[in-house]
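A short write-up of the structure that comes next.
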Amino acid sequence: PPLATLFYALHEDVVFKKWKHCISFNRRFIDDGIAFWIHQPNQDVDDQCWKQFREDINDYHGLRWTFTPRAQSVDFMDMIIQIQDCRILTDLFEKKLALYLYIP
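Number 105 marks the last residue of the sequence shown (my numbering); no jumps.
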């Protein structure tokens, strides 16, 4: 994983510099990433920028990322992250367990 992280970081650095006008924050842990998208005033321009950003991220040695739809709330790793009233709120996210797979 450390080499894979460094390998992709080279591409990521270029892409996020290109899109700094649309991304106010981004972090990645191995293959999980999060970013705050700054919407453009014109919805058509914003949609086109979002599409192009995803294409730019996925244009590197066949690596493909899965994007969740843009939203005010997201489950990221073990957290729920929300934007409410211009504030960032967090809470713990608990995945549904397959309780039948083990004896508690």
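The C-beta atom is built at its ideal place from N, Cα and C for all residues, glycine as well.
Kindly list the residues whose CB is nearer than 7 Å to the CB of residue i, restricted to its own chain and excluding five residues on each side of it in sequence; keep chain order.
{"i": "Ile-58", "result": "Val-16 and Trp-66"}
{"i": "Gln-83", "result": "Gln-73, Ser-74 and Leu-90"}
{"i": "Cys-50", "result": "Cys-23 and Gln-41"}
{"i": "Thr-6", "result": "Ile-31"}
{"i": "Ser-25", "result": "Phe-37 and Ile-39"}
Here's the rule I'm using: 16 or more other beta-carbon atoms within 10 Å means buried, otherwise exposed. How should residue i be labelled?
{"i": "Phe-54", "result": "buried"}
If you compare alpha carbons, which of the options is closest to residue i?
{"i": "Phe-37", "options": "Lys-21, Glu-56 and Asp-48", "result": "Lys-21"}
{"i": "Ile-81", "options": "Asp-92, Arg-71 and Cys-87", "result": "Asp-92"}
{"i": "Asp-76", "options": "Gly-63, Leu-64, Gly-34 and Asn-43", "result": "Gly-34"}
Strictly by DSSP, which residues pair up with residue i?
{"i": "Asp-33", "result": "Phe-30"}
{"i": "Arg-65", "result": "None, per the DSSP bridge assignment."}
{"i": "Arg-74", "result": "The sequence shown places Ser at residue 74, not Arg. Paired residues: Gln-83."}
{"i": "Trp-38", "result": "Ile-24"}
{"i": "Leu-4", "result": "None, per the DSSP bridge assignment."}
{"i": "Asp-92", "result": "Ile-81"}
Skipping 5 residues on each side, what residues in its chain have a beta carbon closer than 6 Å to that of residue i?
{"i": "Asp-79", "result": "Phe-94"}
Going along the chain, which residues of its own chain have a beta-carbon closer than 8 Å to the beta-carbon of residue i, five neighbours each way excluded?
{"i": "Gln-85", "result": "Gln-73"}
{"i": "Tyr-61", "result": "Tyr-9 and His-12"}
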